[in-house]
Every structure is written in C-alpha cells, then in structure tokens.
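These notes concern the structure reproduced below.
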Amino acid sequence: MAINKKAIKISKKHLLGIQDLSISDINLILDEAKSFITLNKSKNKKIDILRGKTQINLFFEPSTRTQSSFELAGKRLGADVMSMNIVNSAIKKGETLIDTAMTLNAMHPDIIVIRHQDSGACNLLSQKVNCAVLNAGDGRREHPTQALLDALTIIDRKKKISGLKIAICGDILHSRVARSNIYLLNMLGAELNIVAPSNLMPKDIEKLGINKFTNMKDGVKDCDIVMMLRLQNERMTSSFLSSNREYYEYYGLTPDKLKLAKDDALIMHPGPMNRGIEIDTKLADDINKSVIKEQVELGVAVRMACLKIFGQQ
Amino acid sequence: MKKKFFLNANIIDPYNAIDEIGGLIVNEEGKIEATGKKVNKNNIPSREKFVDLNGKHIFPGLVDMRVFVGEPGFEYKENFKTLSNAALSGGVTSVVTMPNTSPVIDNVSIVDFLKRRGRDKSKINIYPSASLTKNLESTNMTEFGLLKKKGIIAFTDGIQTIQNTRLMSRIMRSAYDLDCLVMQHAEDFELSKNGSVNDGIVATRLGLQGIPDLAERIIIERDLTLLEDFNCRYHISQISSSKSVDVIKKKKDAVKFTTGVSINNLSLNENDIGDFRTFLKLSPPLRTEEDRKSLVEAINKDLIDVIVSDHKPEDEESKRLTFSQAATGASGIETLLPLALEQYHNNSIKLFKIIELLTSNPAKILKINKGNLTIGNDADFCVVDINKPWIVKKENLVSKSKNTSIEDKKMQGKVLSTFVKGEELYKTN
C-alpha cells in the first residue's frame, strides 16, 4: 500500500484513549497503519513525514516494547526522538507532573508520548502543553495504541472484527489494555467475553456491554480469539489470589481450555508474558495459533500511524 | 448599638416553629427583641427608621457542623479570619472546626490557644472540636472530661475513623459517662484503601481505585450495634449512599443517634467528576444518582438530621496533580445555603426543612443555643433573596482556597447580608 504523506484530519488533538475516538477516527488510524506494514518490511524503512518535528517519550513506568516501539516509529518517520530517562530526572527530585510538562513545553516539542502509573495523567498533561499528547498507558485506564495494534492484528488474520467472538482473560481489574480493547472491539462490532476471577473483575464492568465470566471454560467457549493478559503482581497490594499455581489451574490458558474455543482460534497477549502463570509456554510459542510476535510487529506500524496523524495536526 | 427594625420579611425559624411574614427587631445589645407577624409598621415607633425587606427571607444564622480550618499548621489554606469571612458571605454564623490541624487539637493547652485565636481573628462563633484519640492515632483517648470543661462541645477524629472496635466501645463508654458528643466519619480504611472515587462504573471507566459503599455501611452498622450497649451521644458525620440510609432506617427505633450529610453528596453525583476534576475528589466520594436521590428522600423522612458544608480548603498545589495524588475535599462554606436552596427550587425538599437541617437541628445536637431567633438570644441571622440568580466563580470566592466543587454552576438564591450579635458583618454588593 502506498504511503500517503499528506496530513490527515482527525477530530481530536490528542490520543488519550479509545473512549474519545469515533469509528471513523479509528478506521482512519487503522487504514494509515496498514500502509506502514509494508514499509516496515522493506529494506529502506525510513521516510521523512515528520522531519523537523520533535517527539519526546516521557515514560514514568518501565516499558520495553511500548517505549522502543514508539521510539522506532518516530525515527522511521524522520522525527527527532528524545526518550526521557525518568530515573535521572527532576521528577525524582520532587517535581510535579505539571511542572515537568511546562518545562518540556518550553522546548516546543510537537509530540509527547507519555506513560504514567496514574490514571488520567495524560489528560492532565494534555491540558498544560501545546503539542499533541499520545497516551502510551495511564494507570489502569487506557492504552489506546495497544488496542489499535490488537485490532490491526485481528483484521490482518481474520480479515474482519465485526461478528467475531473474542475472550479477554486475566487480570482485568488492573488492565488498561483490557479497557481500551473493550471500547475498541465493542465499537468495531465484536462480541466480548470478559473472563477473570471476581477479585480481579472491575465493578459494574458489564455496563460496558460485555459478557462477564468467572469460569474460564465458559468464557472461551466458541471464541475466535483468546486474548490473555498479564497478571500484574506489581499492582497488587493485598491478597487477590491464593497462588500462581492455582491461578494457572483455573485461569491459565492451557491446551485443554483452548480446545473449547474454535479450532482456528488465535492466541493474543500484549506482553510481557508470565509463562506458566497465565499462559502455557508451548501455546505462547505455537506459530499456528499464537500471534503474539505479530502484535509486536504491527505495533510499530500502528504507532507510526498515530504519530503521523496526531503529529501533523 | 442602635436598635434595628426589619419589616416585611419571610421569617423562617424552625426552632420556634415560625414560618410567616413579619418583622424582626434587634435591641441595643444586639439581642433579638421581637420576631414574627406581630412586628409590623403599625406597632413600631413611627420615628424609627426601618428596613423594608419586601418579602426577602430571614433565617437564623446557619450552624455548620463540619468545617476544616488550616489553623494551626496550614494557614496558607485557611485561617480563622478568612474562614470567618467566607462563612459570613454564606450566612453561616456558627461553625464546628475539625481537629485535623498541625498540631492536632487533642489537649487542653491547644484549646486555649485556639479559643483565643478564634475570638480575636474571627467574627463568627467558633466551636472547635477535639480529637477522639491523641494525635489522631487511634490508640489513646483524649481527655474528654477536661476538654469539655474547656468548652469543647464535640469529639471527632475528623477525616479519620476509629477502626478498632474495642477502642470505639471504650470511647462510647467514656463519652456516655461524661455526656460528650462523638462524631464519626464512617469509613473502613481497609475497604477504601487507595480509593479515590465511588466503586462502580465511573471508577472502572476512569481506571481509578474505587471506594465501595460497603466501607461506610460497615462502620455505621458496627457503631450502631455498639451503641445498643453503650448509648452515648453519637453522630454520623456524613453518609453518602442508599445502603447507609437503609441501615439508619432499620436502627432508628432501636438506638438514639443523629446523622449528617454533606451538601456535595446531596447535590452532585459521580458523573460530575467528568474528566478527572480533582476538585470533586471528596470523602465520602460522590456516588450514583440513585444514592443521591436516596439521601434527599432520607431528609424528607427525617432520617438525616443535618446538612454540612464539609468545607475543606485545599491550595492549588494540592489539587493540580493526578486524581489519585490530589488532595481530598472541597471548599464550600459560602455556597452551602445557595446550593441547598437548589433542593427547594426543584421541589425536592421543603424550604422549612432545609433551614431546619442548617440551623436548629445541628444546634440541638451540639447543645448550643444557636440557630434560632428566640427572643433574648444573640441576633445571629441572615437576609436571603432565595431567587437571586448568580454564577459560582472561583475568583469571587472569599475563602483563601478556591477548590469549589461547583465552579461555574448557576445558582438561585443569594445571601444579601449576615448579622452576628446584631451587627451587620457581611453585605453583598
């Protein structure tokens, strides 16, 4: 697909969450991303759409794939990318998010990519800076580019989303990926089964228009996609589960549980994985069923699309 | 002081069951000389000047049972002088201040300091409460008896809740012996840990840790159960949910206690938080619209006795943070009455009832002779145009902190002037 270098109009200035986007915004981003898939596979991966633009990656939480994916995406588009190392920054000296934002704003960036442990941090930032803000994950609220890349992966394999039955399983309570995916896949017409033990199920989640399951076998039955989430032990302050091995027994994706899904069901996981806790290690590596590596690959394309669209506003 | 005459006012004085058109006379000592329909143009000396209020309302000065002041320790948020001015502009003439200061109001010597400051710096009646436990640590009780002798009329740990049941039962026993009022903020801290909004769809959507209504209900149930054995004067500071209303309804006949509600929980719901508006991060949190309606209904069924402002001034820096980091509470003493009038204008609660919950009821619970227009008492009252439209603007707030929960809200009803001991200390422009 040929690359469209022209700026594309989108209804929002920032990408803070899927909740703010319309279906046409989403289709715009996904179409744009498709055009970058081929580019990313070619020998010369660099174009100059964002030449002269400055992109700052502001990661308050550790991240491997999202941060490197955003960094690579910006560089491939020709932007000057700076990744702030929070460990050595003034934030450790007690500077507030708003003061950090004002400081960075004074350097006239065109795009700020932010990940923060607090829900709504990107919203706060977006009110204080002049450039586009892209949310790379805020607390347990949203992780829009992850949901977009998941959607792109599903479309790539299944050619559609509408009408598919998709199970999202695991630590839903602490998961921004789950929330963004619920909004996005719902909007695109999928039927969603949300599977989690009651202690990891957010209150009133059924109001988001999903089917709620505490029994994984019921939840994955006849599904086209089984999306596993990471057990976020670092966010768990008190006893949510008795043990990892019990969790694996009841909520880990094992071959016998996967059998209940459709024969051609795909396995997804946003990474990083806890092998042997939420997913059987062989299943994770099964090239016929697992699209986990493809998710990472398409992540770069999706982030290029987002950087292009929001960076050119 | 010259005698003052007010005529043609709508006088509401719930304590004396007065709700009529009439006048009010303040004598030379600043005391009420006469009120009601007997006071009219025909029976005041013809040479006297009088104020014709043309049907405007006169209410007793409001008694606000839950007010935070930054003095001592956090004077940059609010001091006695700014609190007093904010209160006056809202028609509030008596307040109970919370002990959550630095140092904590937990001993006799600090009470002396506080009373002196309150007297010198403020023009309203300040009733400091003292903490239930030393340094709010929930381990040792404060000296209820000695503090009471110094003039403390209520005991509470303010934003803290006594979690330990044994300690709570001992507090109740002592409070019973010494006839002290215990006011509890009902919140199970294990259940509310790290929470910042109501546990429900809003928490799920915003990705914030929720505070379940269970956290409130479980403490209320516990305390009311304890109260069956240790019947002290007990007041639930504020309730926020329909579950709490249910518990109160069930226990009302079995034990004696009183209940308050914050004007915020009575007027707003969790959806008002919108896009992480930290000024609406409150404790107890704003809950669902069904919860809010149940609180209104509870007032009409006499299950809630008091409306408070829960005035909690916080500086800009404490609020310009992410939602989970931001400080809890809203400044609200000056908008308490106008916001409460909204319930009258939308036909939810009768005006007489609203004024009762803002004046005579809190005074009765506190056992203070305030919140009434009884002849011979201090002439603490306010003149209110209950229909006057205005808009809440942060920059127009009198309080030192501008963290209002109702920025830009259209109001109907404004305090025109406020009198304390017969002296006009506030007049709207």
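As you go down the protein sequences, you meet chains V and S in turn.
Numbering-wise, the first sequence is residues 223 to 535 according to this note's numbering.
Numbering-wise, the second sequence is residues 1198 to 1626 according to this note's numbering.
For glycine and all other residues, C-beta sits at the position ideal for the given N, C-alpha and C.
* Establish whether the CB of S/P1409 and some CB of chain V are separated by less than 9 Å. => yes
* Asked: What does a CB cutoff of less than 6 Å around S/G1568 pick up in its chain, not counting 5 residues either side in sequence?
  -> P1257, V1260, T1556, S1557 and A1560
* To do: With a threshold of 16 other CB atoms inside 10 Å of the CB of S/N1320, please say whether the residue is buried or exposed.
  => Correcting the residue type first, residue 1320 of chain S is Lys in the shown sequence and not Asn. Answer is buried; the Cβ neighbour count reaches 16.
* Paired residues, beta bridge with S/G1407 - DSSP -> S/V1394
* Can you have a look at V/Y472 and say buried or exposed, based on whether 16 or more other CB atoms are within 10 angstroms of its CB? => exposed
* To do: Given a cut-off of 9 Å, decide if S/K1478 and S/A1524 are closer than it, judged by their beta-carbon atoms.
  => yes
* Asked: Nearest chain V C-beta to S/Q1360 closer than 9 Å, yes or no?
  -> no
* Within chain S, partners of V/N415 - CB distance below 9 Å -> The premise fails here: V/N415 is roughly 17 Å from chain S at the closest Cβ pair, so nothing lies under 9 Å.
* To do: Express the C-alpha separation of S/Q1540 and S/G1397 in angstroms, rounding to a whole number.
  => 25 Å
* **Per-residue contacts from V/L482 into chain S (C-beta, under 8 Å)** => By Cβ distance, chain S contributes nothing, its closest Cβ being about 27 Å from V/L482, past 8 Å.
* Identify the contact partners of S/A1214 in chain V, using a Cβ-Cβ distance below 7 Å as the criterion. => Residues of chain V passing the Cβ test: none, with the nearest at roughly 45 Å.
* Is V/P284 buried or exposed, if buried means 16 or more other CB atoms sit within 10 Å of its CB? -> exposed
* Using a C-beta cutoff of 9 Å, does V/P492 count as contacting chain S? -> no
* How should S/G1287 be labelled, buried or exposed, when 16 other C-beta atoms within 10 angstroms of its C-beta is the threshold for buried? -> buried
* To do: Reducing DSSP to helix, strand and coil, say where V/K265 ends up.
  => coil
* Would you grab the beta carbon distance between S/I1209 and S/I1218 for me? Rounded to a whole angstrom, and I think it's under 8 Å. => Contact doesn't hold; Cβ gap of about 11 Å is too wide.
* Would S/A1576 be called buried (16 or more neighbouring beta carbons within 10 Å of its own) or exposed? -> buried
* Contact list for V/P419 against chain S, beta-carbon separation under 7 Å -> Here the premise fails: no neighbours, minimum Cβ distance about 16 Å.
* Asked: With DSSP run on the structure shown, which of helix, strand or coil describes V/T318?
  -> coil
* To do: Using only alpha-carbon positions, find the residue among S/L1423, S/L1343 and S/S1393 that is nearest to S/T1475.
  => S/S1393
* Asked: Can you tell me the Cα-Cα spacing of S/I1501 and V/G385, whole angstroms?
  -> 51 Å
* Asked: Nearest CA to the CA of V/L480: which residue from V/R452, V/R467, V/I514 and V/C445?
  -> V/C445
* Asked: Distance, Cα to Cα, S/E1494 vs S/T1294?
  -> 28 Å
* Proximity winner among V/F282, V/K439 and V/L505, relative to V/L482 (alpha-carbon distances) -> V/K439
* Below 9 Å between beta carbons: does that hold for S/A1327 and S/L1344? -> yes
* On the three-state DSSP scale, how would you describe V/C391? -> strand
* For S/G1404, go through chain V and note every residue whose CB falls closer than 8 Å to its CB, in chain order. => S341, G342, D360, G361, R362, R363, E364, R398 and R401
* Asked: Using the beta-carbon of each residue, which ones in chain S are nearer than 7 Å to V/D426?
  -> G1397, I1398 and T1401
* Asked: Sorted by chain position, which residues of the same chain lie with C-beta nearer than 6 Å to V/D340's C-beta, five sequence neighbours on each side aside?
  -> G361
* To do: Would you check if there are 3 or more beta carbon pairs closer than 8 Å linking the stretch 247-265 of chain V to the stretch 515-522 of chain V?
  => yes
* Proximity to V/E375 [Cα-Cα], best of V/S397, V/L347, V/I427 and V/L407 -> One detail in the question is off: residue 375 of chain V reads as Thr in this sequence, not Glu. Out of V/S397, V/L347, V/I427 and V/L407, V/L407 has the C-alpha closest to the C-alpha of V/T375.
* Quick check: the stretch 497-510 of chain V against the stretch 337-353 of chain V, are there 3 or more CB pairs under 8 Å? -> no
* Asked: Counting only beta-carbon atoms, is S/T1519 nearer than 9 Å to chain V?
  -> yes
* Asked: First and last residue of the beta strand (DSSP E) that includes V/I427?
  -> From DSSP, V/I427 is part of no beta strand (DSSP E); its letter is neither H nor E.
* Endpoints, beta strand (DSSP E) assigned at S/V1379 -> L1378 to Q1381
* Three-state class that DSSP yields for S/P1257 in the structure shown -> strand
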